[in-house]
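Engineer: There's a structure below that I have some questions on.
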Amino acid sequence: TPSEKQLLKQLKIKYYTYEETCRMGLTACIQQSIKYLDHLDAIHLSFSLDAMDPALIPGVSLPADTGFNLADIYQMFTYFLKELLVAAIDITEFNMAHDVEHHTSDFIYSLIGHIMELGENDTLIFPADILPYHVKHAFS
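Our numbering applies: residue 2 is where the sequence shown begins, and numbers increase by one.
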């Protein structure tokens with residue numbers, strides 16, 4: 002089977018490593034990504050928690066040595082949700098068994114709230130007010 006990098010190249014999926022993002026600057030990488038995607042009708046935004054600093058977000062199975070901080074992730078979501086039409090979002094790699102004092106689950110809860118607030122501005126194809134009841138209240 003091809004490696005992840007080979008598959009990304011084969012499918013012409015643009016990505017930035019954490020090191021590239023640090024070197025180029027987060028805002029520059031976000032802006033380039035938006036420019037690369039803005040011709041699409043809508044996007045699927047997938048976010049892997051294991052890209053975050055494990056000192057801040059311990060609840061993952063395969064933590065990186067270092068990674069993004071909380072403010073970085075809010076910045077990414079804010080830019081993408083304000084600039085692109087988003088059809089779907091997933092947050093992956095949460096492992097409750099590795100979470101410490103609910104740091105990871107509390108962050109996920111907060112991030113979903115942030116997404117819902119941004120979605121109220123009609124940046125999501127399915128704005129927050131028409132989400133199914135069980136989705137709205139999953140973390141209530």
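Every residue gets a Cβ at the ideal spot worked out from N, C-alpha and C, and that includes glycine.
Give the range of the alpha helix (DSSP H) segment to which aspartate 91 is assigned.
Structural biologist: Here the question's residue 91 lines up with position 90 in the sequence shown. Segment 87 to 93 is the beta strand (DSSP E) holding aspartate 91; no alpha helix (DSSP H) there.
Engineer: Can you give me the Cβ contacts of threonine 178 inside the same chain, cut-off strictly under 6 angstroms, excluding the 5 residues immediately before and after it?
Structural biologist: Because the chain in this structure spans residues 2 to 141, residue 178 falls outside the shown range and cannot be described.
Engineer: Considering Cα atoms alone, identify which of Glu121, Ala88 and Gln7 is closest to isoleucine 44.
Structural biologist: Taking the first residue of the sequence shown as 1, we reach residue 44 at position 43. Answer by Cα proximity: Ala88.
Engineer: Consult DSSP for serine 47 and reduce its assignment to one of helix, strand or coil.
Structural biologist: One-based indexing of the sequence shown puts residue 47 at position 46. Residue state, collapsed to three classes: strand.
Engineer: Kindly identify the DSSP beta-bridge partner or partners of phenylalanine 69.
Structural biologist: Taking the first residue of the sequence shown as position 1, residue 69 is located at position 68. BP columns for phenylalanine 69 point to Met53.
Engineer: Could you tell me the distance, in whole angstroms, from the CA atom of threonine 18 to the CA atom of threonine 67?
Structural biologist: Numbered from its first residue, the sequence shown carries residue 18 at position 17. Numbered from its first residue, the sequence shown carries residue 67 at position 66. Cα to Cα, the separation comes out at about 12 angstroms.
Engineer: Excluding the five sequence neighbours on either side, which residues of its own chain have a C-beta within less than 6 angstroms of the C-beta of asparagine 96, listed in chain order?
Structural biologist: For the purposes of this step, residue 96 is identified with residue 95 of the sequence shown, where counting begins at 1. Cβ within range, chain order: Gly60, Val61 and Ser62.
Engineer: Determine whether the beta carbon atoms of leucine 46 and glutamate 94 lie at a separation below 8 angstroms.
Structural biologist: If you number the sequence shown from 1, residue 46 lands on position 45. If you number the sequence shown from 1, residue 94 lands on position 93. Not in contact: leucine 46 and glutamate 94 (Cβ atoms no closer than 8 angstroms).
Engineer: Considering only the alpha carbon of each residue, which of Glu84, His99, Gln33 and Thr105 lies closest to glycine 120?
Structural biologist: Residue mapping note: residue 120 aligns to position 119 of the sequence shown, counting from 1. When each option's Cα is compared against that of glycine 120, the closest is Glu84.
Engineer: Just confirm the distance between the C-beta atoms of alanine 56 and phenylalanine 69, as a whole number of angstroms; I'd bet it's less than 8 angstroms.
Structural biologist: Indexing the sequence shown from 1 puts residue 56 at position 55. Indexing the sequence shown from 1 puts residue 69 at position 68. The pair is not a contact, with the Cβ atoms about 12 angstroms apart (cut-off 8 angstroms).
Engineer: Grab me the residues of serine 4's own chain with a C-beta within less than 7 angstroms of its C-beta, minus the 5 sequence neighbours each way, in chain order.
Structural biologist: One-based indexing of the sequence shown puts residue 4 at position 3. Cβ within range, chain order: n/a, list empty.
Engineer: Hey, would you say leucine 71 sits closer than 8 angstroms to phenylalanine 108, going by beta carbons?
Structural biologist: Working through the sequence shown from its first residue, we reach residue 71 at position 70. Working through the sequence shown from its first residue, we reach residue 108 at position 107. Yes; because the gap between Cβ atoms is below 8 angstroms, this pair is in contact.
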